[in-house]
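All remarks here apply to the structure that follows.
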Amino acid sequence: MVFREWIQIYQKNNLIKRLFKSNICLTLPPQLKKLEMEYGDKQMQIMEAAEELFAENGFNGTSVRDISEKAGVNLAMISYYFGSKDKLLEAIFSLRGESTKLVLEEIVNKPNLPSIEKVYLLIDHYIKKITDQQCFHRIMVREQSVNNSGPIAALILNLKKRNFETVKKLISDGQKNGEFRKNIDAHLLMTTMLGTTNQLITSQYYYREINNLQDMAEDEFQKHLHKKLSTYLKFLFKTILTNEA
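First residue of the sequence shown? That's 33 in the numbering used here, and the numbers climb one at a time after it.
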């Protein structure tokens, strides 16, 4: 089983909120307004536990028994629902990949909106995505640093390729309408955005200490980080992309 079929029609909003209210690892993006739940509480419980453990210990460092103990289910149930640990990770990537694809396509296809404004929406989406889905992005960073072959590497590559093509279209549209300069390296642009955001989110404890923000409430601190990242990246991208530089 994979989650590609799972992202369809959202009709059980209260169930989603109940399942994820205590853990940001597996929160669903607000752009997915409709979603049909093809899985019950147990499947979601397993997914949530697996994503947390993969983020903490790595894929190879997490056993099916670890997942079953954290999820509070027996080993046979994981095998029944997902088949294997690899298929369980594939389900997580399918969920994340499909949700991101839908959001990016929505941004790129917004009518009557300047391309630079679409870029700004893209930046804010990725900042929120990385902030809200820290477990998944720890998995991404960890696996990219230790694996460049095999099924996990293939999942990451396919995810990146699909999102990159959508972003390339956004930049190409901006070049065609005269908003953006020619000869833009879209890959380095995306690397800059993702790398900067991942680094600041990962090292936010040090940022808080260095900038003497220890007394700032957590929710205010997260808003502060988002605003800092958003302002910086939008200025940087406008400078790189437009003829106003």
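By construction, the Cβ of each residue, glycine as well, lies at the ideal position given by its N, Cα and C atoms.
Minimum Cβ-Cβ distance from residue i to chain B less than 7 Å
i       : result
Leu-220 : Although the question refers to chain B, the structure presented lacks it and comprises just one protein chain.
Counterpart residues of residue i in DSSP-defined beta bridges
i       : result
Phe-212 : Thr-274
C-alpha distance - residue i paired with residue j, whole-angstrom precision
i       : j       : result
Leu-232 : Val-105 : 36 Å
Asn-141 : Asn-195 : 14 Å
Ser-181 : Ala-87  : 19 Å
Phe-91  : Glu-149 : 38 Å
Met-79  : Tyr-112 : 13 Å
Glu-197 : Gln-207 : 15 Å
Gln-176 : Ala-185 : 7 Å
Asp-98  : Lys-74  : 16 Å
Ile-121 : Asn-179 : Ile is not the amino acid found at residue 121; the sequence shown has Leu there. Roughly 15 Å separates the two Cα atoms.
Asn-209 : Ala-218 : 17 Å
Asp-77  : Tyr-238 : Reading off the sequence shown, one finds Gln at residue 77, where the question assumed Asp. The alpha-carbon atoms of Gln-77 and Tyr-238 are separated by roughly 32 Å.
Thr-274 : Leu-220 : 16 Å
Ala-249 : Asn-215 : 43 Å
Gln-165 : Leu-202 : 24 Å
Val-173 : Phe-253 : 23 Å
Lys-133 : His-157 : 12 Å
Leu-245 : Ile-110 : 43 Å
Val-96  : Asp-205 : 46 Å
Phe-114 : Glu-137 : 29 Å
Arg-213 : Asp-247 : 43 Å
Leu-243 : Ile-171 : A small fix is needed here, since residue 243 is Asn in this sequence, not Leu. Each residue's alpha carbon lies about 28 Å from the other.
Tyr-264 : Leu-145 : 21 Å
Cβ-Cβ distance between residue i and residue j below 7 Å
i       : j       : result
Met-225 : Val-199 : no
Ser-116 : Glu-211 : no
Val-135 : Phe-269 : no
Thr-94  : Leu-107 : no
Leu-189 : Phe-125 : no
Ala-123 : Lys-102 : no
Leu-153 : Ile-139 : yes
Pro-183 : Asp-118 : yes
Lys-260 : Ile-155 : no
Thr-229 : Ile-162 : yes
His-256 : Ile-159 : no
Cys-167 : Glu-241 : no
DSSP state of residue i mapped onto helix, strand, coil
i       : result
Asp-251 : helix
Phe-91  : coil
Asn-244 : coil
Lys-142 : coil
Asn-230 : helix
Asp-156 : helix
Gln-75  : helix
Leu-47  : For Leu-47, the predicted model reports a pLDDT of 32, less than 50, meaning its position is unreliable and no value from the coordinates is stated.
Gly-129 : helix
Asn-190 : helix
Asn-179 : coil
Ile-56  : Note on Ile-56: pLDDT 45, under 50, position unreliable in the model; the coordinate value appears next. It is helical.
Gln-165 : coil
Gly-104 : coil
Asp-205 : helix
Asp-217 : coil
Ser-235 : coil
Gln-63  : With a pLDDT of 46 at Gln-63, under the threshold of 50, the predicted position of this residue should be treated as unreliable, though the coordinate-derived value follows. The answer is coil: DSSP assigns Gln-63 none of H, G, I, E or B.
Ser-111 : helix
Ser-116 : coil
With 16 other Cβ atoms within 10 Å as the buried cut-off, status of residue i
i       : result
His-169 : buried
Ser-131 : buried
Ser-235 : exposed
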